[in-house]
Structure formats: structure tokens, C-alpha cells
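Residue numbers (our numbering): 121 to 585.
We put the beta carbon where it would ideally sit given N, CA and C, even for glycine.
Here the structure is a predicted model, which means the values were calculated and not measured.
Inspection log for the structure reproduced underneath, given as C-alpha cells.
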Amino acid sequence: MKELVSFASTRGFVYQGSEIYGGLANAWDYGPIGSQLKENLKNIWIKNFVQERPDMTLLDAAILMNSQTWITSGHVGGFSDPLMDCKACKQRLRADKLIEEYMEKSGDTEVPAEWAGESTPAANLTAYIAKKEIKCPYCGKVDFSDIKKFNLMFRTFQGVTEDSSATVYLRPETAQGIFVNFANIVRTSRKKVPFGVAQVGKAFRNEITPGNFIFRTREFEQMEIEFFCEPESVAPGKHLELHAKWKSDCMDFLTNTIGLRPELLRFRDHGADELSFYSAATTDIEFRFPFGWGELWGIADRTDYDLNAHMKESKQDLSYFDPFTNTKYVPYVIEPSLGLNRLFLVTLLNAYTQVETEEGSRIIMKFKPSIAPIKVAILPLVKKLGAEAMEIYKFLSPHFMCEYDEAGAIGKRYYRMDEIGVPFSICIDSENYNQGQLTVRDRDTGIQEIVKIENLVEYFRDKGC
Ligand code: GAP
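Take a look at the structure:
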């Protein structure tokens, strides 16, 4: 991971945030290549799950919402981490994580009473840690403070007064923007259940243990879908069928559309003791990170919990009238929720390829052409062919993200393009140019092909750019 962080910074993927002031812990900025890659991932997700599906639509809700949203959703009361301090070494620890690590290392399958990860009652976590004599991972002592719940939402004030009536939260998930707009979307989009709403946007969590580069940060982007379907009372088992279908659609997106290696991915179904009380099923798609398996995409069957809660609190009718069956019901919802920054991280890890050459070891970023930040490099063999090369740039750049580079030996420029994952490089030499053709080099094979200039756009389209 350390190697990747340094590589990502020197090649313009991701920089430390506010670097010139010594940085801000766990804040990251996406550089010229990284921001383009992130944009591509976002657009491909929208294309796959919205543009190509008649049963999906898009939403862009505000980050700041009426604070009642977060009271109703349970985030004000319950979205917190159980924290404790080691009295001996003063290290701050998350009690639920300490227990999970203990269970994983020891193979002990007994869980604390009412075990629900960070939502487990604090007294049960304390009792379990004492019973199992779990040690502080930093100093080895068993001497902890009481567990305190720490709310993860960032709070700020709207307007000039700083009292509780002006309190607003930076949204900790994008999902609630979809639920509170459910009636608006049904009314204006004319979608019929089953249908889904997709949204991409920033979310903020004051994480206690951020880290592992961009895996867990306090500011991140989510790509969430709420897929509304008939409830259990109207179509028994239908929501479970859809949950299974979404699991395979999401995995298919990762392996076929993004091109992740299947052996780096697995499903992890949540056991009954891990499920929220309202959830009928939850599955995580996990990725094998350098630090171990970690969650990439959560796919939850949230039943009618959120719509019901908002309907009760707001006194607005969020039920749905089904014109086919003449029935009125509150839909169930399947929620595939993916972190854009995590997708970005796994895309980097998946593409990062070390190759040995006569000149030493080199890195090639093997992105699929469709997600590569830059599709085509335009490289004049010699500087005096700059004007001709610029003509080619002008010809191709309306169609593809291109990079023009005339500095240095051609071999070095090819390597530079390999490092930022450009799938095709065009070398402009006068002999071929005068015959209306150019040499195109393939990043992964190094094979060079002569292509007519007039056919270049079609050629790169056929290659998936
Ligand atoms: N609406 C459901 C929800 O927010 P979640 O499991 O808390 O569920 C969904 O988050 C996804 O968002 C995760 O699978 C992960 O990809 C991403 N995510 C969550 N917290 C994150 C963080 N602190 N930094 C980066 N990504 C995060």
C-alpha cells in the first residue's frame, strides 16, 4: 500500500490534501490523472445502472438537509462508534473493532450479547472484553476506560446564529436524499414499481479510525441506489429475489465492466446476528486489499423501514399506488451502496502491474480502455513534427481524452504513458504521416500497428476507448 500511495502521488493520481501546510490527516486530493479516472468510474456506473436500464432514474439531492431527516433515519441517536481508552498507554480504541480482531485472530466464534457491530449496547461490549480478557493491541494491558458513544456526523450551523435550532449536519450517506424525495420522483418521473433511483455525491463521517490511504476517509463519495419493489405482503419473496439479482448485477459490473480480477472479490453475507433489526438480508462485496479483505459494496434489503419512518414523522404520504394491481402499499427497497473512492482504490490496485525489462523494473497501469483516464497519447517522433502532431491532437481530442507530449526520447515517453495507464500511443513520424497513416502502440502488448489517419476514431472506438 505504501508503494501505491507514493506511486499515486508522483504520477498525479492522488496527493496528500493541503500538502504545502503539512497536510490534513486522511484528506486526499485527486490530481489531473486521478480526477479523470474518478470521473470515468462515476460516469460508467451511471451509464451501466441508469442510462442502460429503463427501470432506473437519477437524483442529485443537497448535502445539507433538514436536521429532522437525521433524527428520523436514526443517525442522530444511533450513528456512533463505541470508543474507549487504554488507561495504560492512552491509546483510543473502538471496542467493536477490538472484539472483531480478537475473534478473527483467536477463531473464537462466541459473540457479545445482542451483537450488532458498533451498534451493540456498550455494557455488552464491556462485559465481553472483560470475560475474554482482550488485551490492548498497543501495550498488551487489560485496563480500559468506560465505553463512550461518539456520533460520527459532522455538525455545523446554518446562518448567523450558532444555537441548536440552526444545527445542520453534513450528510453521512446519500441514501436519505432519495427517501425524502420518493413522492416527488414517483410524481414526476412516471416510473412504476419496481424501479430504482441512483445518486452520486459527497458524504461525510467523522471516522475515529480513518486510514489505509483512501479506503476510509472522513470526506468521501458514495454511489447509492434505492431500488423500490413490492413488499412481502404484496409479493412474498420478491424482494429477496431482487436482492439476489442485485448481488449478481453488482459483481458483474465489477468484473466485466470495470475489469477487476474475480479472485480479488468475494461475497460476504451478513449473519442473522449482524443484520439491522429491519433488514431482511445484507451482503457485502469484499475486495482483497493489501491489508486483508475489506468491504467495497454493501447490498442491503432494507424492507420498508426508511419510507415508513419518514412517512410517520413527516405526516406525508410516501406510499405507492400500483396501477396494475390497484393496490396501495409502502414499497420495500434494495440498497446497493458503493464508495466511489473505494472503487477508485481497487481499480488502482487491480491495474498496478510490475514488469521486469532490460532497463529495470517498471510499472504499467493496466486499466481497461473504457476506464483509462487518458485514452490516446500523441507523441511526435521529433519536436519539429509538433505542428503535424497537434493536428492529430485536434482531430482526436473531441472524441477521446488525449495527452500530447513531445519532450524526451520516444521510449521514455511510452513508459510514462504506460505508468498512467494510457492504452494507446500514436507516434508521428514524417514518412507515415505523409502517406496519411500513423503507428499506434498497444500499452499491454507493445505491438505497433499502422492505421490510416482517417480511420483512427473508429479504430479506438473498436478497441473500447
Ligand atoms: N446507505 C448505506 C450506507 O451508507 P455503508 O456500508 O455505511 O452503507 C456504503 O456505506 C459504502 O460507502 C461502503 O461499502 C464503502 O464503499 C463506502 N464508505 C463508507 N464509509 C466510508 C468512508 N469513511 N470512507 C470511504 N468510503 C466509505
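- Take F302, set aside five residues on each side of it, and the residues of its chain with a beta-carbon closer than 7 Å to its own are L427, L438, in chain order.
- Placement of the Cβ of F340 at a distance of less than 7 Å from at least one heavy atom of the ligand GAP is found.
- In chain order, Y135 place their CB closer than 6 Å to the CB of S129, counting only its own chain and leaving out the 5 sequence neighbours on each side.
- Cβ neighbours of P493 within its own chain (closer than 6 Å, five residues either side excluded): I153, Q156, L157.
- Look at E551 here: in three-state DSSP terms it is helix.
- Of all C-beta pairs linking the segment 410-423 to the segment 251-264, fewer than three are shorter than 8 Å, placing the two stretches out of contact.
- A contact between stretches requires three or more CB pairs, one per stretch, nearer than 8 Å, and the segment 557-569 meets this requirement with the segment 480-488.
- Rounded to whole angstroms, E220 and K255 show a C-alpha spacing of 13 Å.
- For L384, the CB stays at least 7 Å from every heavy atom of the ligand GAP.
- Rounded to whole angstroms, E352 and Q568 show a C-alpha spacing of 58 Å.
- Under the three-pair Cβ rule at 8 Å, the segment 235-246 does not count as touching the segment 279-297.
- Exposure of G142 is indicated by the presence of fewer than 16 other C-beta atoms within 10 angstroms of its C-beta.
- The DSSP-derived three-state label of V300 is helix.
- DSSP places N271 within a strand segment (E or B) once states are collapsed to three.
- Excluding sequence positions up to five before and after T377, its CB lies within less than 7 Å of the CB of I164, N168, all in the same chain and listed in chain order.
- For T189, the secondary structure class from DSSP, reduced to helix, strand or coil, is helix.
- K583 carries a coil assignment under DSSP once its states are collapsed to helix, strand and coil.
- Setting aside the 5 residues that flank it on each side, N552 is surrounded in the same chain by L558, T559, I570, each with a C-beta closer than 7 Å to its C-beta; the list follows chain order.
- In this structure, the straight-line span from the alpha carbon of E508 to that of V125 is close to 37 Å.
- In the assembly as shown, T189 is a buried residue. Its beta-carbon has 16 or more other beta-carbons within 10 Å.
- If you draw a straight line from the Cα of Q342 to the Cα of K504, it is about 47 Å long.
- For F409, the closest alpha carbon among the candidates K448, A471, E234, V280 is that of A471.
- Counting only runs of 3 or more residues that sit fully inside the segment 389-446, the beta strand (DSSP E) segments are 401-409, 412-421, 440-442, in chain order.
- Where Y222 is concerned, the enclosing alpha helix (DSSP H) starts and stops at 215-226.
- At a cut-off of 7 Å, the beta-carbon of G459 counts as near the ligand GAP: some heavy atom of the ligand is closer than that.
- Between the alpha carbons of E339 and F274 lies a gap of roughly 10 Å.
- With a cut-off of 8 Å on Cβ pairs, the segment 169-183 is in contact with the segment 313-325, counting three or more such pairs.
- Inclusion of T337 in the 7 Å shell around the ligand GAP follows from its C-beta lying nearer than that to a non-hydrogen atom of the ligand.
- Among the bridge pairs identified by DSSP, K448 is matched with F441.
- For P292, the CB contacts under 7 Å within the same chain, skipping 5 residues up- and downstream, are H195, F199, L272, M273, A323, F324, R325 in chain order.
- In the three-state scheme derived from DSSP, where H, G and I count as helix and E and B as strand, Y258 is classed as coil.
- Membership of I570 in any alpha helix (DSSP H) is not indicated; the residue belongs instead to the beta strand (DSSP E) covering 568-572.
- Counting C-beta atoms within 10 angstroms of its own C-beta, L161 has 16 or more neighbours from the protein chains shown and is therefore classed as buried.
- Under the DSSP assignment, L468 falls in the alpha helix (DSSP H) whose first and last residues are 460-471.
- Of the candidates L460, M223, G227, L460 places its Cα closest to the Cα of R336.
- With respect to P202, R212 sits apart: the two C-beta atoms are not nearer than 8 Å.
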